[in-house]
Amino acid sequence: MSMTFTEEQDEFRESVRRFLEQKSSSADVRRLMETDEGYDPAVWQQMAGQLGLQGLALAEEYGGSGYGFIEQIAVLEEMGRALLCAPYFSTVVLAGTALVQSGDDAAKRDLLPGIADGSTIATLAWVENPAEWGTGSLSTTAKRSGDGYTIDGSKTLVLDGHTASLILVVAQADGGPSLFASGASASGLTRRKLETLDMTRKVAALEFAGTPARLIADEGAAAGILERTLRLAVVALAAEQVGAAQKCLDMSVEYAKLRVQFGRPIGSFQAIKHKCADMLLEVESARSAAYYAAWAAAGGSDELPLVASLAKVCCSDALASAATENIQIHGGIGFTWEHDAHLYYRRAKSAEQFLGSPFEHRDLLAQRLLAGEGVSP
Amino acid sequence: MTATGESAPTTGEAVRSQVRAFLDENFDRDISLRTWLERVADSGWASPQWPAQWFGKGLPADLAAVAFDEFRKAKAPGPPAGLGRMLAAPTIIAHGTDEQKQRFVRRILTGADAWCQLFSEPGAGSDLASLQTRAEPDGDECVVNGQKVWTSGAHGADLGMLLARTDVGVPKHRGLTCFAFEMDQPGVEVRPLKQMTGDAQFAEVFFTGARVPAANVIGDLNGGWRVAMTTLMNERAGLGAGSGLGFPISAPAGRRIQQQLEQPVGEFLASGMSTTIAAASAGAMVGGNMQLLLLLAKARGRDGDGNVRQQIARLYTLSQLNRWNGLRAREAAQAGQRAGAAASVGKLMASHIARQWRETAMTIAGGDGMLAGPDGPLGGGVARQSLFAPAPSIYGGSDQVQRNIIGERVLGLPKDPDIFRDVPFRDLTAGTQPKPAS
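Heads up: the protein sequence lines correspond to chains L and B, in order.
For the first sequence, counting from 1, position 3 maps to 3 in our numbering; every step adds exactly one.
Position in the second sequence (first residue = 1) + 1000 = our numbering.
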């Protein structure tokens, strides 16, 4: 399997990087992370209008540009690098993917164009128990009511749940776990923004009390949709982590060349130099894993479940250690509010837990290996 | 030199069909191993990644790997896999005279000569340039006195890549010379070196008035450091991420096994003497070991244990990352990008993998990890590998040296200031040894 981006893909990545350097500078990130909404609507519109980022991987019939998962990965890596404050992961990676994976043509026709043109902020609300990322202990219910359904229950860790205009929610119907779509102004919906460790990623808790909703796909289809969606979301998150980890390495190396102590740049001391070398080893390895998983996802490979977990493990570990070492290499200035090191550290520790910790994914990985996957005899 | 009329293939399919045509025409289990190796050497397929005018095809590594795959399918033995092909030949091709390339390289590929590497000394490990073995001119020869250590394959070697000091009056990097050194002579004593595992895979080599012709200088007199850098770079790459340069079956080499080269190829293959390298890459070799540990975990009913599963996943993750790093580096090299950190990254990963294999195996073994030999798990394999685990982070350039290389050459961090840079070697203290009399 190849893991090389085409020249065209590289150019596209470069244009995204330039856009983010202008629109998501450290000052922009700091301004937006202090707001409740957590994003700049004008930039969000430019992302959709100028660069087509929201509809990048959506088919042209839904207003997208018909690119694939590889371009998506390159974009997410750049967004991770810039710590972009925007409801992109919720709208595109979670809700957009869930709609595509639902196979519900009418819902795709109705809902995807709004995502592609930037007019819809969407999210996926499925977590009830923060210790579990699947649908095992689902207690939110959906009852038939006239032509539609009503939802009762509560969800937590809903990315951008307080700003989303379209909420995809997983609830227990007669036919089993099912996917529903609800609007922000639907009756009986209460949304509460939660305080987050990573201030660049907003999260809300949602309460549904007789909230009207539309069934997406068939009753009982949510477990499969969710499994496929989260598998791709894990790889997308891994790419974001690689971008952020590379930025930490770049910051560390730059500072190690500038900062002089004992009459020498601190990067000339092996204590610092070797930390940087180890960061490079981890970041490059994480990149290999994220790319390998991305190409497996793009090619619909059987390996995807195994390599998605592997990518989540090592990209989480790489970002966590790069963000931690970045603070250490910067010393006192790295522990201040004014320095950006803590923003990456916050992202690292939060993303490490999101969609399953490295501990959980290593266990999943081992289960698959012990079942005979992934090892050639 | 190669005598193929064909132009170099540029696609995997073209490589496949050319190798198949060569094998169809030349591979015969009834000819002697020597004749077969000569045919392979002269075809350019023995080391297709080498330059076309020097026994290769000038192919990138991924296309070379296709050739090795065709040899595997045909169960055809490749050239000897030792240090001659891995280190001596690429060094001589890069720095030797045309006469030296003719003289030495073909004999490496045909199994006529086995080589060892005479670099490390008791007083010169990571600081290789501080080595003390002397080579002093005497007519058109040099007289060699001193000691080398950690020499693999010294016992059966015909020649050694010798790095020795030819000028003590200049700073340490500028007074070294590289020689192709004949091992079979008075004044050379090879002693096995028992290592911490209890085995003796390496040797110490002592030189007392040994001789080497000036015509065997590789590169320039006192220009040995540059030559050694080429050797060390090949060593890093060979020991680290799967270089993909391996034949699955390799012939033996050297004067001690010359009679074996006379046997028919078919007999050699049946004899079990053929060195079967389980896989071309270190990653794949660990993959094989992985399977062993999964079976061990199941056999011992440890596969449901959370700690065991964490360790299994850690080992698998490292070995896959090593493979994929190697794959990305080869693709980058093919696209003309600088390989950068690849060799050092692979070398560091190999150290991590060796340690993680030990931790995983020991976690599965539990109390039986206290046992070795036939009483121990995997017939002593867990004990053996656990004892070997400290080696990869030392040999071929320690982990600390690799981190310096990454820090300085890839990330561009400033070097440690070397306050002895301009001091003549004779005024330095080296290793834990007394200064040589000068």
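Yeah, the Cβ is synthetic: ideal placement off N, Cα and C, and Gly gets one too.
In this text the structure is predicted, and so the values were computed from the model without any measurement.
Does the separation of the CB atoms of residue i and residue j fall below 8 Å?
| i | j | result |
| --- | --- | --- |
| Leu20(L) | Ala82(L) | yes |
| His1095(B) | Val1227(B) | yes |
| Ala217(L) | Gly103(L) | yes |
| Leu215(L) | Tyr149(L) | yes |
| Glu71(L) | Gln9(L) | yes |
| Lys349(L) | Pro1414(B) | no |
| Ala286(L) | Cys315(L) | yes |
| Ala379(L) | Pro212(L) | The requested residue 379(L) does not occur in the structure, where chain L is confined to residues 1 to 377. |
| Ala308(L) | Ala293(L) | yes |
| Ala233(L) | Ile73(L) | no |
| Ala1124(B) | Gly1431(B) | yes |
| Glu1182(B) | Lys1148(B) | no |
| Thr1360(B) | Leu1315(B) | yes |
| Glu219(L) | Gly175(L) | yes |
| Ser268(L) | Pro1417(B) | yes |
| Ala1081(B) | Phe1268(B) | no |
Alpha carbons only, please: which of the options is nearest the one belonging to residue i?
| i | options | result |
| --- | --- | --- |
| Met1086(B) | His1095(B), Ser1047(B), Gln1100(B) | Ser1047(B) |
| Pro1090(B) | Gly1219(B), Arg1300(B), Gly1431(B), Asp1399(B) | Gly1219(B) |
| Glu78(L) | Glu132(L), Gln22(L), Lys108(L) | Gln22(L) |
| Gly155(L) | Ala290(L), Leu166(L), Arg192(L) | The sequence given here has Lys at residue 155(L), not Gly. The residue with the shortest Cα to Cα distance from Lys155(L) is Arg192(L). |
| Glu1189(B) | Val1205(B), Cys1178(B), Thr1177(B) | Val1205(B) |
| Asn1322(B) | Val283(L), Leu304(L), Ala348(L), Ala238(L) | Val283(L) |
| Ala1214(B) | Asn1234(B), Leu1293(B), Glu1136(B) | Glu1136(B) |
| Ala387(L) | Ser321(L), Arg368(L), Leu370(L) | What is shown of chain L runs 1 to 377, which leaves residue 387(L) out entirely. |
| Gln1132(B) | Pro1171(B), Gly1156(B), Met1196(B) | Pro1171(B) |
| Pro113(L) | Glu132(L), Ala86(L), Ala57(L), Thr135(L) | Ala57(L) |
| Gly134(L) | Lys202(L), Leu124(L), Ser25(L) | Leu124(L) |
| Arg1107(B) | Gly1254(B), Arg1236(B), Asp1062(B), Pro1248(B) | Gly1254(B) |
| Leu306(L) | Cys248(L), Ile327(L), Tyr345(L), Arg228(L) | Arg228(L) |
| Leu1296(B) | Thr1363(B), Ser1007(B), Gln1195(B) | Thr1363(B) |
| Phe1425(B) | Gln1263(B), Ser1043(B), Leu1176(B), Trp1054(B) | Leu1176(B) |
| Pro1186(B) | Gly1209(B), Asp1098(B), Leu1193(B) | Gly1209(B) |
| Gln1196(B) | Gln1385(B), Asp1184(B), Leu1163(B), Met1233(B) | The displayed chain sequence assigns Met, not Gln, to residue 1196(B). The shortest Cα separation from Met1196(B) among Gln1385(B), Asp1184(B), Leu1163(B), Met1233(B) belongs to Gln1385(B). |
| Phe69(L) | Leu53(L), Gln246(L), Ile327(L), Leu364(L) | Leu53(L) |
| Lys1347(B) | Pro1392(B), Val1144(B), Leu1371(B), Asn1289(B) | Pro1392(B) |
When DSSP builds the beta bridges, which residues end up paired with residue i?
| i | result |
| --- | --- |
| Ala204(L) | Val158(L), Lys193(L) |
| Cys1116(B) | Gly1160(B) |
| Gly55(L) | Paired residues: none, contrary to the question. |
| Asp152(L) | Thr141(L), Ala209(L) |
| Phe180(L) | Val169(L), Leu215(L) |
| Glu1182(B) | Leu1159(B) |
| Ser15(L) | According to DSSP, which records beta bridges pairwise, Ser15(L) is partnered with nothing at all. |
In this structure, does DSSP put residue i in helix, strand or coil?
| i | result |
| --- | --- |
| Ala1279(B) | With a pLDDT of 34 at Ala1279(B), under the threshold of 50, the modelled position of that residue is not reliable, and no figure is offered here. |
| Phe1206(B) | strand |
| Glu227(L) | helix |
| Tyr67(L) | coil |
| Thr123(L) | strand |
| Gln101(L) | helix |
| Gly220(L) | coil |
| Arg1029(B) | coil |
| Arg1226(B) | helix |
| Val1423(B) | coil |
| Gln1320(B) | helix |
| Met1285(B) | Unreliable placement is indicated for Met1285(B), whose pLDDT of 40 sits below 50; no coordinate value is reported for it. |
| Leu1348(B) | helix |
| Gly188(L) | coil |
| Gln261(L) | strand |
| Leu1193(B) | strand |
| Pro1264(B) | strand |
| Ala82(L) | helix |
| Arg1211(B) | strand |
| Gly1078(B) | strand |
| Ala1430(B) | strand |
| Ser268(L) | helix |
Please find out if some non-hydrogen atom of the ligand FAD comes closer than 7 Å to the beta-carbon of residue i.
| i | result |
| --- | --- |
| Arg1226(B) | This structure simply doesn't include the ligand FAD, nor any ligand for that matter. |
What are the uninterrupted segments assigned as beta strand (DSSP E) that are 3 or more residues long and contained completely in the region 1119-1180 of chain B, given in chain order? Runs found: 1134-1138, 1141-1152, 1159-1165.
Going along the chain, which unbroken runs of the alpha helix (DSSP H) with 4 or more residues stay wholly within the region 1373-1410 of chain B? 1381-1388, 1399-1405
Could you tell me which uninterrupted alpha helix (DSSP H) segments, each at least 4 residues in length, are contained entirely in the region 270-350 of chain L, listed from first to last along the chain? The region 270-350 of chain L contains these whole alpha helix (DSSP H) runs: 270-298, 304-330.
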